[in-house]
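Structure, as structure tokens:
Residue numbers (the working numbering), protein chains in the order written: chain B, 457 to 1197; chain Z, 4 to 213; chain D, 1177 to 1479; chain F, 38 to 464.
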């Protein structure tokens, strides 16, 4: 390690000076922390205090800084030293604000502060300022997969921003679903009448754009590499494959209408006069090409009555069909009903729905349809019975509570069947059971990743993302999904989504070149380093990485693709031989803190509890508990961690061996509704820790000595309560037998 | 063939169209989104339920339930309080539609025969237009005696206290039975109204033809 | 030359010996004090009222009102039409709205009017007396004339339907209009803003045809007034006044209640507060005597 | 966050809610300089006042924490709080925005130690809690507030309280002489992300929001459920502090109504479905929710959330627009109406009524500097006439958070396209 100079600064402001013996803290930093320079300051975060630190960096050659003041979440502008390794000992939110200001509490409070100073010094010494990722790529070309409205929009917007685009479309024409439409819902006021889909315009923009390289009748045969340096093989109809260097990828593979043949009870597949929404668009286009009269497929007679059946095979709680609502179909049926009414008001058009869903200005569109005489009936369609050239639609009229309601002699029935995402292979799907025939969907990206060929999916085949706050963050860095493959959506949203995805892709390739991490640790220059000599090829890191960043080289050793890495540290937590580390976060930076704590002997009646707290939720919750002066035990020592997934069991065993009486782990909610910003981190951490009991047995320790807790950022009351309760329980269990060894 | 069957025949199975063309404000019926705020706002619906509240009538019209709609007593319970109108999120003039459907049912002669409000409504109009001004006494008497002499006397007795109070307070004048208030130009009023009916009839016929 | 002049449309119920004759009397005295000149529209006719709908149809109803417009325009050019009856005001105003928004309807109306030798060029504005008081005079002006405040009298302001919906008095809410409460306070009495039946329908014309339905409404209206400690009820509408007042006896029979609360017009309160006699206020016109008000009316005027 | 100089390669983002923060951060993390202007004293906006998000029931402040950390680590974003854009001059690639900055009376020395808050005696309504509660006139806007810096309410300036605050501050962070100032910011493109405001429930007269204490809005209900809220997360009703266990949720309070908002606000149904979980959470055994609705708009992936709530026996769905609310002797709001599914009349008392109020764009009524094309509801429409002023989030449409973030990210790219052109032309 290059020669480092560590300086510790203890702040006396915000009551620290009054509540703590800061002179002792300075001595502790020197004596136990072994820092070369230790100072205290009345008001460290003000201009003068910061100037002092800057001066020490400039003139004293200080490289490592330990700040004993407020939480690492506070005063970030003041204590901003990007060139240096910095650790913060949280003496304010973490000590004086959570302890009573009483004589009897004074000693334990001081103990706490002293330990945090020791820990801070130990941590910073184990850190180095990140040097940056050496294996960056510099390709500035985007790959867009899918030539529908979403894909074309992404391509056009990226080009407008000044980037090269490779656009791959599996069919012979651009346009996708939208290309098959007669008209679309209006996008500007007035929201009254269907308008031209505007696809032709998009197509000509793509065609005329020199930045966009178009492959038709082509698919992605292989995707290799990482953001900034993807190598993509594109297979074309002719059999020839082309190789492209790609910086980032937008997957806009769109959707397929749910197959109406799965709905025989609604007449699906039983009669040519029962069509899905695509079928109706085709009839409308055909009519537009002739006399404008939409005709009955079976015998070409003009349609005089049409019924639209909403939620056909959707919103189905039984699990037989789609569980979700596709969102766009109500407006689509309204639009299609207008095809008839605008052409000939005397055509009877009825929409049968359970909940009509026309958000935003769609409400105007709904009103307009009513004005045009489209009849809306709240009902559940039980059966569509085709006979001869017409059909009978049997339904339960929910308003008139008529279970035997029926529409007779209906010329045409349109089933609104909804969207099924084309998201490729579900790489984490359970293998087909015995006898069950497995129809594997075709891969979209053919990723040459250790973890599989496509972007992981969440529920119902839609690609996984941190659904609410960070919708674009898939589990494959530099690959962004957009359009109905991400969630059901209409054209307006798809275009918006495509534009956003284009930005994320551009951002990814720009940052990949600079070696900067992508969301959520955006800009982090650290990256995992591995001591291959120590590696046992157990493959846990390659299996567990939530982002599929790690492959295996030909010698079966883990092969890190740094620019795929999101810096969560899950690999580090998974590694049984502890050969993986980050410059600013490692088994050592945490381990050193654990060891730095001064463990009183068993007679002192001062138990010690180690808390490993997720820095995204648990740690802020503890901070805010402090801001609210919600007190908790002085026996805890808290270490923020990047993610529960990064917790290496060695920390726990080391702590217990060192005589800690208990360990609490605080991570985010896992499972389908996960709240972990690294998607699977907390889940993987939990799985790992569920096995800790065996370790405890070998040490013959009670299983109560380790506790795994789900903590949310709002638990500012609950967490202190849990801590205090646990502290009491440990007293009952008695001190750890390992004390004083 | 009765006016009713003529119309039913004319509009075959499109009752909604019939209502739109033949009923005052009928073309608003299609705009209802079945929120039910009208039904919930109606005082008489809450005192003693309507057979079919407004929003349900609108749905029945769309469902082509002609017979049930035209023969129900429901619309006749309207007190013209206008609560439904001011609360309707689609701004349907519900009060007027109710009156309109009632008037249409009455015109076709299918409205419930002895529905008291139907009777009173007609009575009121005749009373008012006969002389140009309402004669409250004749109006009340007319109403009491609608079910014949005996019932009329009963009704009269029942209302005696009320009537007496009004007489004492000089707010009911027995002399009204003989003559009473009236407009000078009654002839003008009569022919004016006659003309109005002609025009309205021809308009509705035209709509049906067109 | 009076401060304010209007073409007056009293309506059938306000005629001599009719159910709202006391309303008319009190309005006349009120207007004298406020220097408002009302000139009755010669040979005015019935508005048709909403209840006439079964026979009326659309055009005849409007033509009937249009005749009054024509007469007003012809005989009292430039003057706005003022109605004291809520139903007359509403019927007339509705017609005016429809005619303004439909040229066909207007054309048809003109054609029919010809038969009576009348025509419309400019339809007059249709105002309710309450609007005139609030908008043209204002509370301040009205208050000026109070010489005998109705101190300590607690009065429920019963607005009812037709002065309130669908048009209403400008700036008032359909659910909780406050102008009557303001008037009550203006005459020095105590208002009951929380009176929750203030816009409940009195049953309107159903009071005649289906009394039990109307009386169920009336019961709620009166009961709530009692619950809120009201000594009397005030209203701007003849039908409300009649329904709520004269059926209390029958309501008592049906529901075993002991209702006997006076129901007055705002104009009657004002006349008394303005120093007028019981006669000026036509208190003798009450079926349920407003004793308390009569006592006050007997008191000397503070000057 | 630092004080970089704005040029016409800078992107100005107006509004510091989740849309504005997203646009700002996405642009900054793509290497652009951004000035982020926020009207209130702290970033976070409307979502930071919510207790949980649908459909995951996670906490908005969790995402806010991440966004704030991104911001703290990113020198490219300059944040200006208590600031409103009063005018925008110039054209695509070369705008100058005039920004009014209201005084905070607290400077960067503030450590958020809280001494001034303890010293001050006056309390004022707390807008963060929709005025359901009060806070001291020297206050930290909320627990997650960024900048983490106290604010003095103008009401106490010139009073003894202001002097108390100043005297209490050991770090001379309080500057009572601060005045409103007007600054000018150059920008090549502008992202307009001023979000939405809840529709004024008092205008929905039949529901008596202005007359009945126990009729509240959906946004207020969020504060009741939130641990940081006025009741510390207990669902107690305003009139008497009684536990509100039987709660009515009324949909389309303002939305889909030509007397109020013509558009559907999209989120309200989901918000109410989500809030039934709050009732369950607070009163697991005897909490009851009733949802009065016209159509439940649980669009796309939210449908299964709807199905889960439907399966909850403690939740009842009634297809009905409540006609009116009255109050009974016990102060219970009583809903009157008709269930239109089969015509059933009801008169039902509840402990508390929550109006799912509609979304009104904040831009409505106020005149956005530089003529923006808006629809009749006041939402900004995508239109070439807007030049390089791009709407984002709920300023453009009634959107849920997920869609707002989408929209903001897209707007960021549109802005980047403009400043990239500027950069090219200047290179």
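Backbone N, C-alpha and C fix where the C-beta goes; we use that ideal spot for every residue, glycine too.
On a predicted model such as this, the values are computed, not experimentally measured, just so you know.
Q. For residue 815(B), which residues in chain F fall below 7 Å Cβ to Cβ?
A. 301, 303, 334, 336 and 435
Q: Keeping to the same chain, check which residues put their C-beta closer than 8 Å to that of residue 208(Z); ignore five residues upstream and five downstream.
A: none
Q) If the cut is a Cβ gap below 9 Å, which residues of chain B does residue 109(F) touch? A) 529, 532, 533 and 536
Q. Grouping DSSP H, G and I as helix and E and B as strand, with all else coil, what is residue 283(F)?
A. strand
Q) Cβ of residue 67(F) less than 7 Å from any chain B Cβ? A) For residue 67(F), at least one C-beta of chain B is nearer than 7 Å to its own C-beta.
Q) Considering residue 268(F), what are the terminal residues of the beta strand (DSSP E) in which it resides? A) Note, residue 268(F): premise wrong, no beta strand (DSSP E); not H, not E.
Q: Would you check if there are 3 or more beta carbon pairs closer than 8 Å linking the segment 647-659 of chain B to the segment 972-984 of chain B?
A: no
(Q) Does residue 156(Z) pass the burial test, meaning 16 or more other C-beta atoms within 10 Å, or should it be called exposed? (A) exposed
Q. Any beta-carbon of chain F closer than 7 Å to the one on residue 94(Z)?
A. yes
Q. Which bits of chain B does residue 251(F) rub up against, with CB to CB less than 9 Å?
A. Those do not exist, as residue 251(F) stays about 26 Å from chain B at its closest Cβ, beyond 9 Å.
Q. To which residues does DSSP link residue 669(B) through a beta bridge?
A. 622(B)
Q) So, helix, strand or coil for residue 1263(D), using DSSP? A) Taken through DSSP and simplified to helix, strand or coil, residue 1263(D) comes out as helix.
Q | Span separating the alpha-carbon of residue 812(B) from that of residue 865(B) | A | 25 Å
Q | residue 1351(D) at chain F interface by Cβ criterion, 7 Å | A | yes
**Q.** residue 69(Z) - DSSP class collapsed to helix/strand/coil
**A.** helix
Q | residue 1048(B) versus residue 1162(B) - alpha carbon distance | A | Residue 1048(B) and residue 1162(B) have their C-alpha atoms roughly 20 Å apart.
**Q.** Beta-carbon contacts of residue 218(F) that lie in its chain and below 6 Å, excluding the five residues immediately before and after
**A.** 138
(Q) Can you check which of these residues, 1381(D), 1347(D) and 1213(D), is closest to residue 143(Z) by C-alpha distance? (A) When only C-alpha atoms are compared, the closest one is 1381(D).
Q: Out of 1083(B), 835(B), 998(B) and 745(B), point me to the one whose CA is closest to residue 379(F)'s CA.
A: 835(B)
Q.
Within 10 Å of its beta-carbon, does residue 472(B) have 16 or more other beta-carbons around it, so buried, or fewer, so exposed?
A. buried
Q) To the nearest angstrom, how far is it from the Cα of residue 871(B) to the Cα of residue 731(B)? A) 6 Å
Q) Taking Cβ-Cβ distances below 7 Å as the criterion, which residues of the segment 1070-1093 of chain B are in contact with chain F? A) The segment 1070-1093 of chain B vs chain F, Cβ under 7 Å: 1072, 1073, 1076, 1080 and 1083.
Q: Write down the C-beta distance between residue 690(B) and residue 698(B) rounded to the nearest angstrom, noting that I regard them as a contact closer than 8 Å.
A: Taking a contact as a CB-CB distance under 8 Å, the pair residue 690(B) and residue 698(B) counts as one, their CB atoms being some 5 Å apart.
Q.
Considering only their Cβ atoms, is the gap separating residue 1187(D) from residue 1224(D) smaller than 7 Å?
A. no
Q.
Buried or exposed, going by whether 16 or more other CB atoms sit within 10 Å of the CB of residue 994(B)?
A. exposed
Q: Would you check if the segment 1101-1117 of chain B and the segment 584-596 of chain B touch, i.e. whether three or more CB-CB distances between them fall below 8 Å?
A: no
**Q.** Three-state secondary structure assigned by DSSP to residue 1093(B)
**A.** Residue state, collapsed to three classes: strand.
Q: Examine chain B for any beta-carbon lying closer than 7 Å to the beta-carbon of residue 317(F), and answer yes or no.
A: no
(Q) What residue range does the beta strand (DSSP E) around residue 72(F) cover? (A) 71-74
Q: Consider the Cβ of residue 943(B): report whether some Cβ of chain F lies at a distance smaller than 7 Å.
A: yes
Q.
In this structure, how does DSSP classify residue 289(F) when only helix, strand and coil are distinguished?
A. In this structure, residue 289(F) counts as strand in the three-state DSSP scheme.
Q) What residues in the segment 104-130 of chain F bring their beta carbon closer than 7 Å to a beta carbon of chain Z? A) none
**Q.** Pick from 531(B), 742(B) and 522(B) that is closest to residue 540(B), judged by C-alpha positions
**A.** 522(B)
Q | residue 121(F): first and last residue of the uninterrupted beta strand (DSSP E) it sits in | A | 120-128
Q) When DSSP builds the beta bridges, which residues end up paired with residue 728(B)? A) Paired residues: none, contrary to the question.
Q) Thinking C-beta only, is residue 452(F) closer than 7 Å to residue 122(F)? A) no
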